[in-house]
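By the count of my numbering, the sequence shown reaches residue 1271 at its end, each step adding exactly one. Quick reminder that beta carbons are idealized off the backbone N, C-alpha and C, glycines included. Inspection log for the structure reproduced underneath, given as structure tokens.
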Amino acid sequence: MEFAKNVLSDNVRVLKSQVSKTAYQGVAIAISSIILATLGVSLYQTGAISLDSVVKAQSDNYGLWVLDCIPFVFGFWGQYSSSIIAYQAGAMIFDQTHELRAHAESMEKQANYSATHDIATDLPNRALFYDRVEQAILSANNQNKLLSILLVEFANFKEVYDTLGRNSSDLILKQIATRLQSVVLGNDSVARIDGNIFSVLVPATENENAGVMLAKNVQVALESPFKVERLSLSIHVNIGIVNFPEHGEDVDTLVQKAGVALFMAGKSHEGYSVYTSSFDDHSPRRLTLMSELRQALEREELQIYYQPKVCIKTGRLYGAEALVRWNHPKHGFVPPDEFIPMAERTRMIKHLTLWALKQTFRQCAEWHRQGLDLTISVNLSARDLHDPELPDIVAGLAAASGIQPSWMMLEITESSIMTDPQRSLEIIQRLHDMGYKLSIDDFGTGYSSLAYLKKMPLTELKIDKSFVSDVLKSENDAVIVKATINLAHNLGLQVVAEGVENQQVMVLLDSYACDLAQGYFLSKPIALENFNEWMRSDSAKFIHPKSN
């Protein structure tokens, strides 16, 4: 307070000296004016200017008396006004300086906060999280305890972002942050360390299963739909878990291995995975495959395999499903479950779909030129259904290959529609108007089957193999399969049962009036040459379910 008074007094003194100088100049001008007025009156009264005439003018003219007082009045008033103005100006300058200093301090605090926190979620960022992990490691060492780190990945974030935009995506991220904070215990730390990856620190614990227990709680907390823009969205999360000191003794090693566990969690049925040393071979392989997939397309390392679809009632070949396979020159056969999800997370899926459509259209046209009336199915991904250029691309490929749209069956999954139903349905309707048949794949495993089934111009419904494979053992699966067949027929759709592996399932499906079958009992997916040979052999002629 004393410092502020001193600063204000100094400001007033400086400003007052400047104002006083102007006041003195004004007084000097006023006195000069009085002298000139007195001389003028003296000349007017006596006709000459002398000391006597000046004294006479001052003694006889009362107006000059009043004029003589004005400089003293102005001088006093100027000094008083200058003091007031100088004090007010000084106070104003001090206030503004204080505000600027406070604003600068606020900006500095905000900059420091932004350097350690995520703007969208207000959670600690990677730098602060790493610092907290380092402190937790020291504490765990001192207390001879464990700690766990969880990486929680918002797996379908890219789809949500591409569909709804940044603002809506940020709203979902904030909701995720809130739910994560509500799950963790008081000493646990939640952070956002990447665009779609959150981290959770479980410090100083004695329970080696604390990470797994928390992962399950996180899954439950994030299971309920998220509300944004009047939409109800489900998110998919993968969780990678590491423990200190078992999996590493420094923060960089722990987070790196948690990332490996996170990748493996995407393949597990549980949705979470605890790091083990056996995972190390997968991470470099994954990075290699991601960079080599485009080259594989250019080098023709990919192949189209065909799996037959057979009419159950007659045993005749109806068509085939085209499936992409990758025979890597170094790693050998790469499962589609490994490289297709990888392509879907990048722009490579568009190139992969384009290549698959081109190859399949060309082969379908060739079969029809040979007189084989086959319907060939090709899978479309979620990204394909969000691409407004897809119908035009398909039209160009069809014209180049010479196929008729009615020869092709485009397969889509329920989950691929749910991210942006309106856009997906528009693309589907355009393809239908062009004459293409449409099939809903993996029916029963999506989110809202019945709600969108009636809106889509479908030709076919495929029952997922998870229901068909156990239809003889599980009464529930048998009820689901039979009910699905009846539902599809009531909607005017033909039904394909996937995963048919023996004659008994074929007989049962025939009794349910299922239309088509696909599975290893008929044939596994095979290369083009083998498929052509299969069609020429007796294998394609003993399929009827009532055969012995």
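For R849, same chain residues with a beta-carbon under 6 Å away, outside a window of 5 residues either side, are I916 in chain order.
For the pair of segments examined, the stretch 1114 to 1124 was found not to touch the stretch 1173 to 1190: the number of CB pairs separated by less than 8 Å stays below three. Below 8 Å, enough C-beta pairs join the stretch 921 to 931 and the stretch 884 to 904 to call them touching: three or more. Separation of the CB atoms of L1012 and V1057 is rounded to 7 Å, and the pair is thereby assigned contact status at 8 Å. Counting along the chain, L1195 sits inside no alpha helix (DSSP H), nor does DSSP assign it H or E at all. Under the three-pair Cβ rule at 8 Å, the stretch 968 to 988 does not count as touching the stretch 1016 to 1036. Uninterrupted alpha helix (DSSP H) stretches at least 4 residues long and entirely within the stretch 1000 to 1080 occur at 1005 to 1021, 1059 to 1067, given in chain order. Per the DSSP secondary-structure output, T1098 pairs in a beta bridge with G1042.
Around A1079, the same chain offers I1027, A1045, V1047, V1101 as residues with beta carbons nearer than 7 Å, after the five sequence neighbours per side are excluded.
Distances from the CA of L937 to each of E952, V913, N919 were compared; the closest alpha carbon is that of V913. Counting C-beta pairs with one atom in each stretch, the stretch 1249 to 1259 and the stretch 1211 to 1228 have fewer than three that are closer than 8 Å, which means they do not touch. Between the stretch 969 to 979 and the stretch 848 to 864, the count of C-beta pairs closer than 8 Å reaches three or more; the two stretches touch. For the options I1099, I899, D1233, H840, the alpha carbon positioned closest to that of L1161 is the one of I1099. Pairing V1191 with V1202 gives a Cβ-Cβ distance that is not under 8 Å.
Under a 10 Å Cβ-count criterion, P1248 is classified as buried, with 16 or more other Cβ atoms of the shown protein chains found around its own Cβ. In the structure shown, the three-state DSSP call for H970 is coil. Between A981 and G994, the beta carbon gap of about 15 Å keeps them out of contact (Cβ cut-off 8 Å). S957 and H1091 have their C-alpha atoms spaced approximately 43 Å apart. For the stretch 899 to 974, the full-length beta strand (DSSP E) segments reaching 3 residues or more read 912 to 915, 920 to 928, 949 to 951, 954 to 956, 960 to 967 along the chain. Across the set T928, G1042, N1209, the C-alpha of T928 shows the shortest separation from the C-alpha of I872. Rounded to the nearest angstrom, the Cβ distance from K1185 to V1223 is 12 Å, too far for a contact under 8 Å. For I1151, the enclosing alpha helix (DSSP H) covers residues 1144 to 1156. With 16 or more other Cβ atoms from the protein chains shown falling within 10 Å of its own Cβ, L977 counts as buried. If you look at A1118, you'll find it in the alpha helix (DSSP H) that goes 1113 to 1124. Closest in alpha carbon position to N932, among L870, M1065, P1111, S1246, is L870. With respect to V960, E876 sits close: the two C-beta atoms are nearer than 8 Å.
Boundaries of the beta strand (DSSP E) around E1134: 1131 to 1136.
Per DSSP, Y884 lies in no beta strand (DSSP E); the unbroken alpha helix (DSSP H) holding it starts and ends at 880 to 887. By DSSP's assignment, I895 forms no beta bridge with any residue.
The shortest CA-to-CA distance from E1149 to any of P1114, A1122, D1164, M1131 is the one to P1114. Between E1134 and S1104, the gap from beta carbon to beta carbon reaches 8 Å or more.
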